[in-house]
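Just so you know, the sequence shown maps onto residues 34 to 180 in our numbering.
Accompanying notes for the structure given below.
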Amino acid sequence: MEVKEVTKSRDPLPMGRFRQREQTNNEWLAILEKGTTFEEIQKPGFWAFVAVHLNVYDKIRVAIDDQLWYAELLVIACNRVSALVKPTLFVKLVEDDAELPQMTSDYTVKFRGPQHKWSVIDPKGNVVQDGFKTEAEAMSHLAAILK
34 MEVKEVTKSR
44 DPLPMGRFRQ
54 REQTNNEWLA
64 ILEKGTTFEE
74 IQKPGFWAFV
84 AVHLNVYDKI
94 RVAIDDQLWY
104 AELLVIACNR
114 VSALVKPTLF
124 VKLVEDDAEL
134 PQMTSDYTVK
144 FRGPQHKWSV
154 IDPKGNVVQD
164 GFKTEAEAMS
174 HLAAILK
């Protein structure tokens, strides 16, 4: 006697399970302070102050002030004080911190926000030049000044 397996085919996807992503999930940009590590952002408690705004399947793009790396995270669980995230992308933008020249002068290179970006600042605190997209670019300009 032959036993046939009965399989039920799935009905077509109902409209209630099909929606525009913008109505359900969010994309966030987290701009982190220089020195924040990729390992730190994967800890659920790192997101404690913003977790209340997150939903499962939200996407978090992570940029860091010193532009050494960039990442994208998928929120897979969250509550009011933590978020469990899974990395979907990690890109190292600078191969090694050693690539950034170290200066022994009173000039400084500082990130001054999205408007001014990276700036070279003289010993008196005056901005010599701003608008550099990366810290390495500003450091190169400073190296040229000091020659």
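All C-beta atoms in this analysis are idealised placements derived from N, C-alpha and C, irrespective of residue type, glycine included.
Across the set K76, L107 and G68, the C-alpha of G68 shows the shortest separation from the C-alpha of D99. A straight line joining the alpha-carbon of L65 with that of R43 spans about 45 angstroms. Listed as beta-bridge partners of W61 by DSSP are I93. DSSP places P147 inside the alpha helix (DSSP H), whose first and last residues are G146 to H149. By the Cβ criterion, the stretch 139-148 is in contact with the stretch 162-180, since at least three pairs of Cβ atoms, one from each stretch, lie closer than 8 angstroms. Close CB contacts of S152 within its chain, under the 6 angstroms cut and outside five residues either way in sequence, are with K143, R145, V160 and D163 (chain order). Sorting D91, P47, V95 and W102 by C-alpha distance to the C-alpha of I109 places D91 at the top. A residue is called buried once 16 or more other Cβ atoms fall within 10 Å of its Cβ, and A177, having fewer, is exposed.
For E105, there is no enclosing alpha helix (DSSP H); the enclosing beta strand (DSSP E) covers residues W102 to C111. In this structure, the straight-line span from the alpha carbon of Q56 to that of V118 is close to 21 angstroms.
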